[in-house]
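Trainee:
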Ligand code: PMP
Ligand code: GLN
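In full-length UniProt numbering, the protein residues as written are 1 to 381.
#1: Just tell me which of 238, 283, 260 and 234 has its CA closest to the CA of residue 224.
#2: Residue 52 and residue 89 look like a contact to me (Cβ under 8 Å); what is the Cβ gap, rounded to whole Å?
#3: With a threshold of 7 Å, establish whether the CB of residue 10 neighbours any heavy atom of the ligand GLN.
#4: Of all the options 21, 27 and 31, which has the alpha carbon lying nearest to the alpha carbon of residue 341?
#5: Please name the residue in 76, 233 and 367 whose C-alpha comes closest to that of residue 39.
#6: Is residue 382 near the ligand GLN, going by C-beta to nearest heavy atom under 7 Å?
#7: Cβ of residue 67 versus every heavy atom of the ligand GLN: is any distance shorter than 7 Å?
#8: Within the continuous beta strand (DSSP E) that includes residue 226, where are the two ends?
#9: Go through its chain and collect everything with a Cβ distance to residue 231's Cβ below 7 Å, but skip five positions before and after it.
#10: So, is residue 56 buried or exposed, given that buried needs 16 or more other C-beta atoms within 10 angstroms?
#11: For the beta strand (DSSP E) that contains residue 192, what are its first and last residues?
#12: State the CB to CB distance for the pair residue 202 and residue 285, rounded to an integer number of angstroms; the pair is presumed to be in contact (CB under 8 Å).
#13: Mind listing which residues have their beta carbon within less than 6 Å of any non-hydrogen atom of the ligand PMP? Chain order is fine.
#14: For residue 364 versus residue 288, is the C-beta distance shorter than 8 Å?
#15: Does the beta-carbon of residue 86 have 16 or more other beta-carbons within 10 angstroms, so that it is buried, or is it exposed?
#16: Between the alpha carbons of residue 260 and residue 240, how many angstroms are there, rounded?
#17: Hey, out of 355, 133, 12 and 196, whose CA is closest to residue 73's CA?
#18: Return yes when the C-beta of residue 5 is under 7 Å from any heavy atom of the ligand GLN, and no when it is not.
#19: At a cut of 8 Å, does the region 319-336 reach the region 162-178 through at least three beta carbon pairs?
#20: Relative to the ligand GLN, is the shortest distance from any of its heavy atoms to the C-beta of residue 13 smaller than 7 Å?
#21: Strictly by DSSP, which residues pair up with residue 344?
Shown next as structure tokens:
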């Protein structure tokens with residue numbers, strides 16, 4: 001058996017969601033909304049199922065969706081992509097990440113990975129024979145550390161993984177950090193694999209800046225997105241990869257043997273959704289920011305030190321100032337068993353040199369769900 005997988009624990013998202021089901025707890029762990037999602041997009045999918053669109057579509061994705069992705073990014077970010085040679089549809093961002101890493105990383109290559117990191121990156125880097133080189137981001141600001149990045153680079157460094165907006169830290173990187181990373185990529189000839197699944201989930205008027213739009217990064221960035229997060233339909237697993245033709249050509253070879261194609265009916269619905277007006281996306285942000293504020297206010301009034309959430313479905317509390325003498329993992333176990341609220345220990349997003357005092361709560365829930373969770377958390381501290 002392959003030890004890379006045999007030795008892995010179950011992913012924390014499944015562990016906590018299973019605990020929530022077993023214990024009948026409110027699940028503020030894994031990130032998904034508890035409403036059914038936009039009706040018109042779901043109707044488009046149902047219509048596509050009922051009226052064709054059920055056989056293998058083209059390997060790279062249906063042309064309508066590839067065009068819609070290119071149009072969407074041109075409109076929102078001024079990034080011009082050729083839909084036929086620079087855009088591919090995948091079965092979720094998870095597949096896009098896996099295919100990008102397997103398609104690019106060669107044995108012996110070093111890949112810079114910022115911790116906290118999404119948990120799917122590192123096993124796949126290792127499967128490809130690469131070596132992850134970990135860099136630690138520090139709460140409460142989680143900024144990209146230029147000196148540490150430069151110090152970690154060796155002649156074998158080829159890639160950098162960037163997740164922006166960053167799950168679980170809920171930070172949206174400012175232009176300054178992205179330009180700094182862009183300069184380093186060009187100086188050392190690195191390609192950035194950029195996980196931007198949370199690109200539309202940014203708050204308080206913040207702008208998501210795709211790394212591919214930073215000067216000099218157009219041909220050395222793999223941009224990964226997910227319809228799941230854009231429309232609050234996380235189970236749909238429609239991902240996008242955008243990259244220069246010479247890179248995408250290789251990623252397509254990985255895709256053809258990972259999933260080959262992606263359900264065409266959902267692609268039709270996502271193509272429709274990407275054409276929605278700016279108002280839809282801005283309203284989604286405003287609604288989520290309101291839920292964020294509701295949970296943040298509630299947790300603050302219970303005495304939790306809440307960290308700023310600039311984007312994503314998440315907000316974090318830092319237990320360190322409370323002097324609880326309890327790790328994030330122990331805290332999450334206690335609250336799910338004794339108070340019936342599931343959350344995620346942020347140490348699960350580290351491989352070494354863990355931050356062990358931060359706990360992540362998902363706020364993309366109905367008011368009543370958040371209020372009940374807050375009631376249950378009343379006597380935790
Ligand atoms: N990357 C990050 C940072 C995520 O938070 C998620 C999922 N929630 C993914 C990738 C996976 O996205 P998908 O569900 O489209 O596979
Ligand atoms: N992205 C979601 C989260 O961070 C869920 C990911 C997953 O279930 N693998 O909670």
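Note that the Cβ used here is the ideal one computed from N, Cα and C, for glycine as well.
Mentor: So, to answer that:
#1: Looking up residue 224 in the chain shown gives position 224. The shortest C-alpha separation from residue 224 is found at 238.
#2: Here the question's residue 52 lines up with position 52 in the chain shown. Here the question's residue 89 lines up with position 89 in the chain shown. Residue 52 to residue 89, Cβ: 18 Å. No contact.
#3: Counted from its first residue, the chain shown places residue 10 at position 10. No; taking the cut-off as 7 Å, the Cβ of residue 10 has no heavy atom of the ligand GLN nearer than that.
#4: Along the chain shown, one-based indexing puts residue 341 at 341. Among 21, 27 and 31, the Cα nearest to that of residue 341 belongs to 27.
#5: Locating residue 39 in the chain shown gives position 39, where the first residue counts as 1. Distance from the Cα of residue 39 is smallest, within the candidate group 76, 233 and 367, for 233.
#6: Outside the displayed span of the chain (1 to 381) sits residue 382, for which this structure offers no information.
#7: Residue numbering aside, residue 67 sits at position 67 when the chain shown is read from its first letter. Residue 67 has its Cβ no nearer than 7 Å to any heavy atom of the ligand GLN.
#8: Within the chain shown, the letter at position 226 stands for residue 226. Its beta strand (DSSP E) spans residues 221-226.
#9: If you number the chain shown from 1, residue 231 lands on position 231. Residues 37, 38, 41 and 273 of the same chain have their beta carbon placed closer than 7 Å to that of residue 231, with the five preceding and five following residues left out of the count.
#10: Translated into the one-based positions of the chain shown, residue 56 becomes position 56. Flag for residue 56 reads exposed.
#11: For the purposes of this step, residue 192 is taken as residue 192 along the chain shown, with counting starting at 1. First-last of the beta strand (DSSP E) with residue 192: 191-195.
#12: Within the chain shown, residue 202 is the residue found at index 202, counting from 1. Within the chain shown, residue 285 is the residue found at index 285, counting from 1. That belief holds up - the Cβ atoms of residue 202 and residue 285 are roughly 6 Å apart, short of 8 Å.
#13: With the criterion CB distance below 6 Å from any heavy atom of the ligand PMP, the matching residues run 31, 92, 93, 94, 118, 163, 167, 195, 197, 226, 228, 234, 237 and 239 along the chain.
#14: The residue you call residue 364 lines up with position 364 of the chain shown. The residue you call residue 288 lines up with position 288 of the chain shown. Closer than 8 Å, so yes.
#15: Taking the first residue of the chain shown as position 1, residue 86 is located at position 86. It counts as buried.
#16: Taking the first residue of the chain shown as position 1, residue 260 is located at position 260. Taking the first residue of the chain shown as position 1, residue 240 is located at position 240. Between the C-alpha atoms of residue 260 and residue 240 there is a straight-line separation of about 14 Å.
#17: The sequence position of residue 73 within the chain shown is 73, counting from 1. 196 is the residue among 355, 133, 12 and 196 whose C-alpha sits nearest the C-alpha of residue 73.
#18: Here the question's residue 5 lines up with position 5 in the chain shown. Residue 5: no, Cβ never under 7 Å from the ligand GLN.
#19: The region 319-336 makes no contact with the region 162-178, as fewer than three CB pairs between them are under 8 Å.
#20: What you label residue 13 is simply residue 13 of the chain shown in a count that begins at 1. Within the cutoff, so yes.
#21: In the chain shown, the residue the question calls residue 344 occupies position 344. Beta-bridge pairing links residue 344 to 360.
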